[in-house]
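Protein chains in written order, with this note's numbering: chain X, 1 to 441; chain W, 1001 to 1224. No residue lacks a Cβ here, since even glycine has one placed at the ideal position from N, Cα and C. What follows is a short report on a single structure.
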Amino acid sequence: MKLKNKISIFSAVIRLLLLIIMWFTLSFVIKKVAYKNIENSMVEKRDKFVKNLNTSEINAFIERNDSTELYVSFSNLHSEFLQLYRSNNAMRSKDYFVDETRIVENESNEYRVLYHHFTYKNTHYVLEIGERLSEVNELLDKFHLVILLLLTATLIVSHFAQSVFIDYLLKPFQKIIDTKINLINEPELFDHSKVHTTTSDFIVLDDGLNQMMDRIQEQFKKEKQFIANVSHELLTPVSVLQNRLENLLNNESINDEGVDKIVVSLRNLDTLKRIINNLLLISRIENHQYSNFEPIDFQSLISELLADLEDRIEMKQLRVSNTVKEHFVFEGNKTLMHILIYNIVFNAIKFTPNGGSVSVSDSFEEGLYSISISDTGKGMTETQLSQIFNRFMKINLEDEGQGLGLSIVSSIANLHKIAIKVSSELNVGTTFRLIFQEVKK
Amino acid sequence: MNVLIVEDTKELAVELIDYLDKSGYVCKWVATCEEALEEVSVNQYDALLLDLGLPDGSGFDVLKSVRKAKSKMAVIVITARGELDDKINGLDLGADDYLTKPFALTELGARLYAVIRRIHGFTVNELDIHGFKIRLQDYKVSYQENAVALTKKEFDIFQYLVLNKNRVITRLQLTEHVWGDVLEVSSDSNFIDVHVRNLRKKLDKHASIEWFETVRNVGYRIIS
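Here it is in structure tokens:
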């Protein structure tokens, strides 16, 4: 997951938590404040009532002197009430508040009730003042909604603001990844220009990358130079020797024995030349010096290649089947792909005894294209199989090759991101399977 | 035919001259870009053998100035593998053919012949060897108006031997010419022998071919 997304998710979660906490806290505080307000107004009413009571109403109430009688007064809409009665219970000196449900004229309502105990002329009285809570609760509900909306809005706005800001902040980083890190395997295409940023971490990262790539590029250039030098320095003397021996061969004054020696020398020179060329080829492939990739048509490549080897196939009386039929578009270096398949097919022909068979087929399996080259040749043991891609590895000593063919195959396959699976059974045959990564049909 | 050889390795130039002299070319050798540029501006050459890695610059510079002068000169670039990214690059810059070192002299001879024939539009489109006519433009061989049906490889071998007549051609040279510089083919000369045997059988039906010699242990030679 990208850093940007991780930060976004993390901050979104934090914000959501914060929102929940804020919502609960605010709800709690507002409720407290609202209740406090009601209570204060009830205390005011109590004071007013108790003051008035002393002078007028209580007299009437006392005169009746009825212990069960209640004095009750309700406001018109039952939004508040006042109740006074005698109490025989022990007196409580402190006022207290209770939330209670009262039924008034068949209407049940939630009230906040203030209990006030007092003694008047040796008689205990309880004064209850109630204030209906529904209005307050309605108000509180509205408040909650408003708070929730406000908080949500804040959350969304700040989330977007932050995303934009993070985007802006991480832009240089993204650029480093897109234009530098992703091209790290192609040192030649590397962009050495500095990424504009004021974030010191990114500057350090960018500088570090640039320095590293400078060094790699330098190394790369040196290696390329070295390869060019080696090829020139080694192949020029080989060239001189070969041409001199060729001229010598046509010199009438040389006897048969001399001619034989010249021919053997020429053959050795040829081997030397092939080894140098093959090593050069491997190192050039591994240095990514084959850059010109083009679409490759395997059907024609393979049929051309088999036509090229026709005489060998005929001479060994091999049965060859080519069932390559899928239309697979692959971008690769044509020369290298030819060498890759040629080497495998050539080996198959070489190691299959007269009258055997070689088959080339292709298929799509789980969306992956693959080409299989099978033979009914002498096969290999597990140990041999594990070493076939090593340089200078020869399966048998009579083999005329230099043991570089499959090494080249492996280098080319790596370059093209092709996986090779080899299965083999001694005296039964070998199958090479090339599995292509790109999924195109 | 005048050929200018631009090659900084003297020993190699000596061998090239030795071979080309015997094949009837008149050779001049220079070792640097500067000399090469002077030489092509003063004298008329039919062909140029151009090494790319020269002490005072790249052979490409010579090639560019030759092409700028619109001279009808056949140019074969000679280079060590690795100096060019692809064969196409050399041809793109105006070379007519391209050989990688080390190459067989007989291969050079065949290429040079083909390039000069193409560039200078020779009327000679036919090689004649003891009555056998090799038509170069359509790969046909005939003997006294009778077609000799050859496979492409047999034709290649025959033409190659005739172009290098009176020279011993080794099996290795023939193999490389017919199959190209294919990797890991190595010196499996049996295949060449089979093709040559078939070729000789086909030619022998039309006329005696004692001039088509097998050189013991070495290869083949056609005597004119």
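Exercise. Can you list the alpha helix (DSSP H) stretches of 4 or more residues lying completely in the segment 352 to 413 of chain X, in chain order?
Worked result: Counting only runs of 4 or more, we get 382 to 387.
Exercise. Cβ of Pro1102 (chain W) less than 7 Å from any chain X Cβ?
Worked result: Translated into positions along the second sequence, residue 1102 (chain W) becomes position 102. Chain X, which has a Cβ nearer than 7 Å to the Cβ of Pro1102 (chain W), makes this yes.
For this session: Pick out whichever of X:Gln384, X:Lys350, X:Leu248 and X:Leu3 has its Cα sitting closest to the Cα of Gln174 (chain X).
Result: Within the first sequence, residue 174 (chain X) is the residue found at index 174, counting from 1. For Gln174 (chain X), the nearest C-alpha among the options comes from X:Leu3.
Exercise. Quick one: which chain W residues come within Cβ less than 7 Å of Arg244 (chain X)?
Worked result: The residue given as residue 244 (chain X) occupies position 244 in the first sequence. Those are Glu1015, listed as they occur along chain W.
Exercise. Which residues, taken in chain order from the segment 226 to 237 of chain X, show a beta carbon closer than 7 Å to some beta carbon of chain W?
Worked result: Those residues of the segment 226 to 237 of chain X that come within reach of chain W (Cβ to Cβ, closer than 7 Å) are Ile227, Ala228, Ser231, His232, Leu235 and Thr236.
Problem set entry | Phe81 (chain X) classed as buried or exposed, judged by whether at least 16 other C-beta atoms fall within 10 angstroms | As a first step, residue 81 (chain X) is located in the first sequence; it is residue number 81 there, counting from the start. Residue environment for Phe81 (chain X): buried (at least 16 other C-beta atoms within 10 angstroms of its C-beta).
For this session: Starting from the beta carbon of Val204 (chain X), find every residue of chain W whose beta carbon is closer than 9 Å, and list them in chain order.
Result: Counted from its first residue, the first sequence places residue 204 (chain X) at position 204. Within chain W, no residue comes near Val204 (chain X); the closest Cβ sits about 37 Å away, beyond 9 Å.
Problem set entry | Which of helix, strand or coil DSSP assigns to Phe97 (chain X) | Reading the first sequence from its first residue, position 97 is the one you call residue 97 (chain X). Reduced to three states, the DSSP call for Phe97 (chain X) is strand.
Problem set entry | Pairwise C-alpha distance: Phe165 (chain X) and Asn37 (chain X) | Mapped onto the first sequence, residue 37 (chain X) falls at position 37. Mapped onto the first sequence, residue 165 (chain X) falls at position 165. Taking the Cα positions, Asn37 (chain X) is about 44 Å away from Phe165 (chain X).
Problem set entry | Any alpha helix (DSSP H) of 4 or more consecutive residues that is wholly inside the segment 1036 to 1087 of chain W | Within the segment 1036 to 1087 of chain W, the complete alpha helix (DSSP H) runs of at least 4 residues are 1059 to 1068.
Exercise. Cα separation between Ser363 (chain X) and Tyr168 (chain X)?
Worked result: Reading the first sequence from its first residue, position 363 is the one you call residue 363 (chain X). Reading the first sequence from its first residue, position 168 is the one you call residue 168 (chain X). Roughly 47 Å between the two C-alpha positions.
For this session: Measuring only between beta-carbons, confirm whether Thr1009 (chain W) sits less than 7 Å from chain X.
Result: Your numbering for residue 1009 (chain W) matches position 9 in the second sequence. The beta-carbon of Thr1009 (chain W) is placed less than 7 Å from the nearest beta-carbon of chain X.
Exercise. Quick one: Cα of Gly130 (chain X) to Cα of Tyr111 (chain X), how far?
Worked result: One-based indexing of the first sequence puts residue 130 (chain X) at position 130. One-based indexing of the first sequence puts residue 111 (chain X) at position 111. Across the structure, Gly130 (chain X) and Tyr111 (chain X) are spaced so that their CA atoms are roughly 6 Å apart.
Exercise. When the cut-off is 7 Å and only beta carbons count, does Ser1187 (chain W) lie next to chain X?
Worked result: Here residue 1187 (chain W) is taken as the residue at index 187 of the second sequence, counted from 1. A caution first: Ser1187 (chain W) carries a pLDDT of 47, below 50, which makes its placement in the model too unreliable to give a value.
Exercise. Taking the alpha-carbon positions, what's the Ala1069 (chain W) to Ser372 (chain X) distance?
Worked result: On the second sequence, position 69 is the one that residue 1069 (chain W) refers to. On the first sequence, position 372 is the one that residue 372 (chain X) refers to. Those two C-alpha atoms are separated by around 53 Å.
Problem set entry | Cβ-Cβ separation, Ala1013 (chain W) to Trp1029 (chain W) (assumed contact under 8 Å), whole Å | One-based indexing of the second sequence puts residue 1029 (chain W) at position 29. One-based indexing of the second sequence puts residue 1013 (chain W) at position 13. A Cβ-Cβ separation of about 5 Å places Trp1029 (chain W) in contact with Ala1013 (chain W) under the 8 Å criterion.
For this session: Would you mind reading off the limits of the beta strand (DSSP E) that contains Ser424 (chain X)?
Result: Numbered from 1 along the first sequence, position 424 holds the residue referred to as residue 424 (chain X). Run containing Ser424 (chain X): Ile418 to Glu425, per the beta strand (DSSP E) assignment.
Problem set entry | Same chain only: Cβ atoms within 7 Å of Leu248 (chain X), ignoring 5 sequence neighbours per side | For the purposes of this step, residue 248 (chain X) is identified with residue 248 of the first sequence, where counting begins at 1. The beta carbon of Leu248 (chain X) sits closer than 7 Å to the beta carbons of Ile254 and Ile262 from its chain, once the five residues preceding and following it are set aside; these are given in chain order.
Exercise. For His1195 (chain W), which residues in chain X fall below 8 Å Cβ to Cβ?
Worked result: As a first step, residue 1195 (chain W) must be located in the second sequence, where it is residue number 195. Contact annotation for His1195 (chain W) against chain X: Asp311 [CB-CB distance below 8 Å, chain order].
Exercise. Is Ile420 (chain X) closer than 7 Å to Leu404 (chain X) when the C-beta atoms are compared?
Worked result: In the first sequence, counting from the first residue as 1, residue 404 (chain X) sits at position 404. In the first sequence, counting from the first residue as 1, residue 420 (chain X) sits at position 420. Not closer than 7 Å, so no.
Exercise. Which chain W residues sit within Cβ distance under 7 Å of Val240 (chain X)?
Worked result: Counting from one through the first sequence, the residue named residue 240 (chain X) turns up at place 240. What Val240 (chain X) touches in chain W, judged by beta-carbon distance under 7 Å, is Thr1009, Glu1011, Leu1012 and Glu1015, going in chain order.
Problem set entry | Other residues of its chain near Gly1131 (chain W): CB distance less than 7 Å, five sequence neighbours each side excluded | Translated into the one-based positions of the second sequence, residue 1131 (chain W) becomes position 131. Exclusion of the five residues before and after Gly1131 (chain W) leaves Tyr1143, Gln1144 and Ala1207 as the residues of its chain whose Cβ lies within less than 7 Å of its Cβ.
Problem set entry | At least three beta-carbon pairs within less than 8 Å, the segment 421 to 429 of chain X to the segment 1018 to 1025 of chain W | Too few Cβ pairs lie closer than 8 Å, so no.
Problem set entry | Unbroken alpha helix (DSSP H) run spanning Ser265 (chain X), endpoints | For the purposes of this step, residue 265 (chain X) is taken as the residue at position 265 of the first sequence. First-last of the alpha helix (DSSP H) with Ser265 (chain X): Asp256 to Glu286.
Exercise. Just the Cα atoms here: how many angstroms apart are Ser1187 (chain W) and Val1040 (chain W)?
Worked result: Taking the second sequence and counting its residues from 1, the one referred to as residue 1187 (chain W) is at position 187. Taking the second sequence and counting its residues from 1, the one referred to as residue 1040 (chain W) is at position 40. Any reading at Ser1187 (chain W) is ruled out, since the residue's pLDDT is 47, under 50, leaving its predicted position unreliable.
Exercise. At which residue ranges does the segment 290 to 334 of chain X contain complete beta strand (DSSP E) runs of 3 or more residues, listed in the order of the chain?
Worked result: If one requires a minimum length of 3 residues, the beta strand (DSSP E) runs lying completely within the segment 290 to 334 of chain X are 294 to 296, 319 to 322 and 330 to 332, in chain order.
Exercise. According to DSSP, which residues form a beta bridge with Arg132 (chain X)?
Worked result: Position 132 of the first sequence, counted from the start, is the residue given in the question as residue 132 (chain X). Answer is X:Tyr111.
Exercise. Closest by CA to Arg132 (chain X), which one among X:Lys121, X:Glu100, X:Ser163 and X:Ser321?
Worked result: Start at 1 with the first residue of the first sequence, and residue 132 (chain X) comes out as number 132. The candidate whose alpha carbon is nearest that of Arg132 (chain X) is X:Glu100.
Problem set entry | Sequence-distant residues of its chain with Cβ nearer than 6 Å to Val98 (chain X) (five each side left out) | In the first sequence, counting from the first residue as 1, residue 98 (chain X) sits at position 98. Excluding residues within five positions, the ones whose Cβ falls inside 6 Å are Val113.
Exercise. Under 7 Å between C-beta atoms, does Val1218 (chain W) make it to chain X?
Worked result: Along the second sequence, read from residue 1 onward, the residue named residue 1218 (chain W) stands at position 218. For Val1218 (chain W), the answer is yes, since a Cβ of chain X falls inside 7 Å of its Cβ.
For this session: Give a yes or no on whether 7 Å exceeds the smallest Cβ distance from Asp1018 (chain W) to chain X.
Result: As a working note, residue 1018 (chain W) is residue 18 in the second sequence. For Asp1018 (chain W), the closest Cβ of chain X is nearer than 7 Å.
Exercise. Under a CB-based cut-off of 7 Å, is Asn268 (chain X) close to chain W?
Worked result: Numbered from its first residue, the first sequence carries residue 268 (chain X) at position 268. Asn268 (chain X) does not count as touching chain W.
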